[in-house]
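Visitor: In terms of the numbering used here, the sequence shown is residues 459 to 663.
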Amino acid sequence: GKSTLFDLLPRFYDPTEGNIYIDDINIKKIKLDSLRRLLGIVTQETYLFNDTIKANIAYGLKNISTDKIVKAAMAANAHDFISEFEDGYDTLVGNRGVRLSGGQRQRIAIARALLKNPQILIFDEATSALDTEAELLVQEAIDRLMASRTTLVIAHRLSTIKHADRILVIDQGQLVEIGTHWQLIEKDGLYRRLYMMQFREKEPV
459 GKSTLFDLLP RFYDPTEGNI YIDDINIKKI KLDSLRRLLG IVTQETYLFN DTIKANIAYG
519 LKNISTDKIV KAAMAANAHD FISEFEDGYD TLVGNRGVRL SGGQRQRIAI ARALLKNPQI
579 LIFDEATSAL DTEAELLVQE AIDRLMASRT TLVIAHRLST IKHADRILVI DQGQLVEIGT
639 HWQLIEKDGL YRRLYMMQFR EKEPV
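1. For the stretch 563-631, list the beta strand (DSSP E) runs that are entirely contained and at least 3 residues long, ordered along the chain.
2. Assuming I485 contacts L497 (C-beta within less than 8 Å), just tell me the rounded distance between them.
3. By how many angstroms is the C-alpha of F507 removed from the C-alpha of N553?
4. Where does E635 sit, in a helix, a strand or coil, going by DSSP?
5. Check whether the Cβ atoms of I499 and P473 lie closer than 8 Å to each other.
6. Considering V528, what are the terminal residues of the alpha helix (DSSP H) in which it resides?
7. Going by C-alpha to C-alpha distance, which of D545, D509, L573 sits closest to I522?
8. Taking its Cβ as the centre, do 16 or more other Cβ atoms sit within 10 Å of K512, making it buried, or is it exposed?
9. Along the alpha helix (DSSP H) that carries I540, what are the first and last residues, could you check?
10. Going by the CB atoms, is the gap between L616 and Q656 shorter than 8 Å?
11. My output table needs one value for I515: the three-state DSSP class, helix, strand or coil.
12. Any contact between the stretch 598-608 and the stretch 574-581? By contact I mean 3 or more CB pairs, one from each, below 8 Å.
13. If you follow the beta strand (DSSP E) that T501 is part of, which residue opens it and which one closes it?
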């Protein structure tokens, strides 16, 4: 599926045919740890450790100042809810972040990605399990994170990709359409049908 396709970039799997290139360099020629340092990944299932919010945001990074952590959280729309906790950034989140809502966990994950400052971002259904208010906060943070870097987004909620430079439509494992939102709307194919199903009662095309 789509997620498996995106798992090829960090080399969780290798393709059985063909090659993947970043800036004309075959990713198999890049050291695995170096390749993965280039990438920031935010998925629907955000994994948080039973540690403080601060430690979860800074996970995998060394000697990160509290000031940088706070700035990342502010950019991710996470600072306000973190500040409401009695212990603030030193609040323990519980196993898998059980003390936080889904939208809060996603914003922690985005703050983590912001702090890492990757060259390439991968979002895998990052807003699909959220209610409308949480989705708006998370999407605003995602838009901020996407600025000035290559971003790959897997989405069923088409609101998250409406402004993408290029949209690829995959159906039953096959690439069936490619273009911008408006090009695909004018084409009147699968993308338009999906879009109309989601938005006909919300907003005009």
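Cβ coordinates follow ideal geometry from the N, Cα and C atoms, glycine included.
Bear in mind the structure is a predicted one, so any value in this text is a computation, not a measurement.
Guide: Checking against the coordinates, here is how it stands:
1. 578-582, 608-612, 625-629
2. For the purposes of this step, residue 485 is taken as the residue at position 27 of the sequence shown. For the purposes of this step, residue 497 is taken as the residue at position 39 of the sequence shown. Contact flag wrong, Cβ pair sits at about 10 Å.
3. In the sequence shown, residue 553 corresponds to position 95, counting from 1. In the sequence shown, residue 507 corresponds to position 49, counting from 1. Near 6 Å, if we compare the C-alpha coordinates of F507 and N553.
4. Your numbering for residue 635 matches position 177 in the sequence shown. Note: E635 maps to strand in three-state DSSP.
5. Indexing the sequence shown from 1 puts residue 499 at position 41. Indexing the sequence shown from 1 puts residue 473 at position 15. No.
6. Along the sequence shown, read from residue 1 onward, the residue named residue 528 stands at position 70. Its alpha helix (DSSP H) spans residues 524-533.
7. Reading the sequence shown from its first residue, position 64 is the one you call residue 522. Here the closest residue by C-alpha is L573.
8. Start at 1 with the first residue of the sequence shown, and residue 512 comes out as number 54. Buried, by the Cβ-count rule.
9. Residue numbering aside, residue 540 sits at position 82 when the sequence shown is read from its first letter. Residues 537-542.
10. On the sequence shown, position 198 is the one that residue 656 refers to. On the sequence shown, position 158 is the one that residue 616 refers to. It is a contact, given that the beta carbons lie within the stated cut-off.
11. For this step, residue 515 is matched to residue 57 along the sequence shown. Looking at I515 - three-state DSSP - the assignment turns out to be helix.
12. yes
13. Position 43 of the sequence shown holds residue 501. From DSSP, the beta strand (DSSP E) with T501 extends over 497-501.
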